[in-house]
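Before any comments, here is the structure.
Shown next, in the form of structure tokens:
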């Protein structure tokens, strides 16, 4: 993830940040590689996928399939970990945004 | 960002948990049949044993850590140990001439020791998982 947060520190990164605010689905058009908005979108999609897997596993247990209890607990743990990671990324992003907005010009 | 790759330790320990659970089920079945003298294949019950095999991704270099894949249950084999015999002339399955009954080759003491080993192995793998999970949480807290 550091490489995704990295661009924020450069002038081009600031542009990407403003585009992110302007369009919710901003595909950061920074030259070379996917933009920060795109990376974030992919991350959110992946975390969502893991959450759904966990939910499905819990449904399975509720429906009477308790054979692989450890798999379910692992899926839940995985979902929790990935969500915590997403939250950390979000916090860093908001922090950086606020830092920039606090800048006196 | 692929979480599956980051959490491969989960997958490895998960395979071990599944294997040890199967081992406990086999032990339960052995103990349940410790005095069975009639089976579909004839004769007394023969003790089951599980065989585990290490899983390595053969497509990768043998020393690549990414090739680690945990454990797989290769299958169950019937123990070749001799049957126990007891003198019980009144038993319906006793030998008509000698009065000896052939009993399963299940030794309850051995089974209990195996059960303990399986349960400790399960706990060891749980400990790996808990440690790994706690470490990941602590690492994520670096961002705060």
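Residue numbers (the numbering used here), protein chains in the order written: chain L, 1 to 105; chain C, 106 to 249. C-beta atoms are modelled at their ideal positions from N, C-alpha and C, and glycine is treated no differently. Predicted, not measured: the structure shown is a model, and the values here were computed from it.
Query raised in the report: Is the beta carbon of residue 232 of chain C less than 8 Å from the beta carbon of residue 175 of chain C?
Result: No, Cβ-Cβ distance for residue 232 of chain C and residue 175 of chain C is not below 8 Å.
Open item on the list: Whole angstroms are fine: how far does the CA of residue 89 of chain L sit from the CA of residue 247 of chain C?
Closed with: Near 12 Å, if we compare the C-alpha coordinates of residue 89 of chain L and residue 247 of chain C.
Ignore the nearest five residues each way along the sequence and tell me which others in residue 42 of chain L's own chain have a CB closer than 8 Å to its CB. So the qualifying residues of the chain are 34.
Q) Roughly how many angstroms separate the alpha carbons of residue 189 of chain C and residue 245 of chain C, rounded to a whole number? A) Near 58 Å, if we compare the C-alpha coordinates of residue 245 of chain C and residue 189 of chain C.
The segment 177-191 of chain C touching the segment 142-162 of chain C, judged by at least three CB pairs closer than 8 Å: Cβ pair count under 8 Å is three or more, so yes.
Review point. Does residue 119 of chain C have its Cβ less than 8 Å from a Cβ in chain L?
Key: Closer than 8 Å to some Cβ of chain L, the Cβ of residue 119 of chain C qualifies, so yes.
* For residue 44 of chain L versus residue 83 of chain L, is the C-beta distance shorter than 8 Å? -> For residue 44 of chain L and residue 83 of chain L, no; Cβs fall outside 8 Å.
Query raised in the report: Taking all protein chains shown into account, do 16 or more other C-beta atoms lie within 10 angstroms of the C-beta of residue 209 of chain C, making it buried, or fewer, making it exposed?
Result: So residue 209 of chain C ends up on the buried side.
| task | Assign residue 186 of chain C to one of three DSSP states: helix, strand, or coil. | result | DSSP places residue 186 of chain C in coil when its eight states are reduced to three.
Quiz item: Using a Cβ-Cβ distance under 8 Å, would residue 178 of chain C count as near chain L?
Solution: Contact of residue 178 of chain C with chain L is not assigned, every C-beta pair being separated by 8 Å or more.
| How big is the Cα-Cα spacing for residue 207 of chain C and residue 118 of chain C? | Roughly 41 Å between the two C-alpha positions.
- Measure the CB-CB distance between residue 198 of chain C and residue 144 of chain C and report whether it falls below 8 Å. Their beta carbons are not under 8 Å apart, which means residue 198 of chain C does not touch residue 144 of chain C by this criterion.
Note to self: Between the alpha carbons of residue 219 of chain C and residue 182 of chain C, how many angstroms are there, rounded?
What the structure shows: Taking the straight line joining both Cα atoms gives about 16 Å.
ask   = Can you name the residues of chain L whose CB is closer than 7 Å to the CB of residue 221 of chain C?
value = Those within 7 Å of residue 221 of chain C in chain L number zero; the least Cβ separation is about 20 Å.
- Message: Please state whether the Cβ-Cβ distance between residue 237 of chain C and residue 114 of chain C is less than 8 Å.
- Response: A contact, by the Cβ cut-off of 8 Å.
Residue 60 of chain C to residue 132 of chain C span [Cα, whole Å]
Here chain C covers residues 106 to 249 and nothing more, so residue 60 of chain C does not appear.
- May I have the straight-line CA-CA distance separating residue 116 of chain C from residue 67 of chain L, to the nearest angstrom? Answer to the nearest angstrom: the Cα atoms are 17 Å apart.
Positions along the segment 51-85 of chain L whose CB lies within less than 8 Å of some CB in chain C
Of all residues in the segment 51-85 of chain L, 68, 70, 71, 74, 77, 78, 81, 82, 84 and 85 have a Cβ within less than 8 Å of some Cβ in chain C.
Item to complete: Output the distance between the C-alpha atoms of residue 186 of chain C and residue 211 of chain C, rounded to the nearest integer angstrom.
Response: Rounded to whole angstroms, the separation of the alpha carbons of residue 211 of chain C and residue 186 of chain C is 9 Å.
> From which residue to which residue does the alpha helix (DSSP H) around residue 103 of chain L run?
Replying inline: Unbroken run through residue 103 of chain L: none, as it is neither H nor E.
> For residue 65 of chain L, which three-state DSSP category applies?
Replying inline: Residue state, collapsed to three classes: coil.
* **Contact check, residue 129 of chain C vs residue 223 of chain C, beta carbons under 8 Å** => For residue 129 of chain C and residue 223 of chain C, yes; Cβs fall inside 8 Å.
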